[in-house]
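Visitor:
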Amino acid sequence: MIVYLDNGATSYPKPKIVIDTIIDSLHQGSGSLHRSQTRNALNLERSVYDARALVAGFFNFRAIDHVVFTKNITESINLVLSGFLSDGDHVVTTTLEHNAVIRPLDYLKRKKNVTYSVVPLTLEGQLDYDAMRIQLQARPKLMIATHASNVSGDIVDINRIGSMCSEFDVPFLVDTAQSAGVLDVDFEASGATFLAFTGHKSLLGPQGIGGLLIKPGFSERVEPFILGGTGSVSESSQQPEMMPDKFESGTQNVHGILGLKAGIEYIRSIGLEQIRNQEKRLIKRFQSAFENDTRVRIIGNLDTNLRVGILAMDFLTMDNSAMVYELSKIYDISTRGGLHCAPLAHKAYGSYPRGTVRFSVSHFTSDDEIQYAIDAIKKILHQ
Ligand SMILES: Cc1ncc(COP(=O)(O)O)c(C=O)c1O
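Just so you know, our numbering puts 93 at position 46 of the sequence shown, and the rest follows in order with no gaps.
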């Protein structure tokens, strides 16, 4: 039995409808989006439009044509950072960010003289919103925040950040990699300017599909990241300005788009609230088995209402990577150790450079699997 507790990296299993939809789309010989003029291609055109509309509705975003498909959230974030920032701009971000944010920022710092400051955690381990407010008062070019930490699962109050950004007129980029598909992510309520998502985690789609929502009025202010054929305005040698073509050059991943659509439809059929409650219940049960164990330090908020479906543990009596290895080798349990591409977060939580073992559940994780993992960890700790 494989017990998969690495959904924070990528979700598994996928709903059957996602798999069937992708296989059907491969069987159907669909044509190339915006290029072919066959009946199949027109059907595909409609399905992709429906997928765009579904994504927009899912995130409470009104401008369907401003939903841009990318290959993952890393590409979406790079699109904004490389296309929106110019020489000398300043960016505010948080210590909880993934390298998908920090590495492009660091690159721009070296190549384009873009500066950035990082909002820390308070002594109580919460994001320091007061420090953030002071940073935002200086009106940086962009604020970037993750909706939930991939290290601890801690949920960030993006609506609060968005309202501060509106107050100081600062564009706001939200990273929903760990929240979309489990928390209600509302573009309007969050005050976001850019909302980036990835399809293969809690949205239950395949790998290779993600996207970006761009608030109307801002697409003109972002340079395209990849230029080329769009199937539109072909007589011109210039990249079209119209949306979403401006940011969707080259043959698109239609199989991924349709798989993502099926994933979101599946989530809708179950209901976000039910998914969230189930994940919370599983994590609470898991956590309660180790809360008073002095050999273990739990990272992040202890209140599971304040975390997505992640339990991050630092095993104090053994090497964390040995725990990951033994769980996999002896018990067939998949987890993820190390720094989770977010070294600043580990520094803030005091788990750098050891890292932690991250257990992350999905809607498909069962109570039996959690109990199996608890028993396995206890046996390894007793050895
Ligand atoms: C918070 C966060 N941002 C960005 C990413 C990058 O996601 P992707 O590899 O799908 O681009 C991840 C992936 O783990 C993440 O957890």
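Ideal Cβ positions, reconstructed from N, Cα and C, are used throughout, including at glycine. Nothing here was measured: the structure is a model prediction, and the numbers come from that model.
What three-state label does DSSP hand S381 in the structure shown?
Guide: Locating residue 381 in the sequence shown gives position 334, where the first residue counts as 1. Note: S381 maps to strand in three-state DSSP.
Visitor: If distances are taken between C-alpha atoms only, which option among N146, Y154, I181, E122 comes closest to D134?
Guide: Translated into the one-based positions of the sequence shown, residue 134 becomes position 87. That would be Y154, whose Cα lies nearest to the Cα of D134.
Visitor: Nearer than 8 Å: is that true of the beta carbon of D257 relative to any heavy atom of ligand 1?
Guide: Mapped onto the sequence shown, residue 257 falls at position 210. First, the residue type needs correcting, since residue 257 is Gly and not Asp in the sequence shown. Yes; taking the cut-off as 8 Å, the Cβ of G257 has a heavy atom of ligand 1 nearer than that.
Visitor: Which residue from D379, L358, R401 puts its Cα closest to that of M365?
Guide: Here residue 365 refers to the residue found at position 318 of the sequence shown. Cα-wise, what sits closest to M365 is R401.
Visitor: What distance in whole Å lies between the Cβ atoms of V221 and I205, which are believed to be in contact at a cut-off of 8 Å?
Guide: Your numbering for residue 205 matches position 158 in the sequence shown. Your numbering for residue 221 matches position 174 in the sequence shown. I205 to V221, Cβ: 5 Å. Contact.
Visitor: So, with DSSP's three-state summary, where would you put R342?
Guide: In the sequence shown, residue 342 corresponds to position 295, counting from 1. Correct three-state label for R342: coil.
Visitor: Among L89, G318, L143, whose alpha-carbon lies nearest the alpha-carbon of D231?
Guide: Taking the sequence shown and counting its residues from 1, the one referred to as residue 231 is at position 184. Out of L89, G318, L143, G318 has the C-alpha closest to the C-alpha of D231.
Visitor: In chain order, what residues of the same chain have a beta carbon less than 6 Å from the beta carbon of I49, not counting five sequence neighbours either side?
Guide: Your numbering for residue 49 matches position 2 in the sequence shown. So the qualifying residues of the chain are D379.
Visitor: Closest to N54 by C-alpha separation, out of Q334, G246, I345, G172, would be which residue?
Guide: Along the sequence shown, one-based indexing puts residue 54 at 7. Considering only alpha carbons, the answer is G246.
Visitor: I need the DSSP call for G258, collapsed to helix, strand or coil.
Guide: What you label residue 258 is simply residue 211 of the sequence shown in a count that begins at 1. Strand.
Visitor: Could you tell me which uninterrupted beta strand (DSSP E) segments, each at least 3 residues in length, are contained entirely in the stretch 183-248, listed from first to last along the chain?
Guide: 189-193, 219-222, 241-245
Visitor: Just the Cα atoms here: how many angstroms apart are L274 and N119?
Guide: As a working mapping, residue 274 is identified with position 227 in the sequence shown. As a working mapping, residue 119 is identified with position 72 in the sequence shown. Their backbone Cα atoms lie some 17 Å apart in a straight line.
Visitor: Report yes if the C-beta of S58 is less than 8 Å from at least one heavy atom of ligand 1; otherwise report no.
Guide: Position 11 of the sequence shown holds residue 58. Result no, Cβ not under 8 Å from ligand 1.
Visitor: Which residue marks the beginning of the alpha helix (DSSP H) containing H302, and which one marks its end?
Guide: In the sequence shown, the residue the question calls residue 302 occupies position 255. Per DSSP, H302 belongs to the alpha helix (DSSP H) from 301-317.
Visitor: Suppose the cutoff is 6 Å on Cβ atoms and the five residues either side in sequence are ignored; what does the same chain contact list for D233 look like?
Guide: Along the sequence shown, read from residue 1 onward, the residue named residue 233 stands at position 186. Contacts found: N107.
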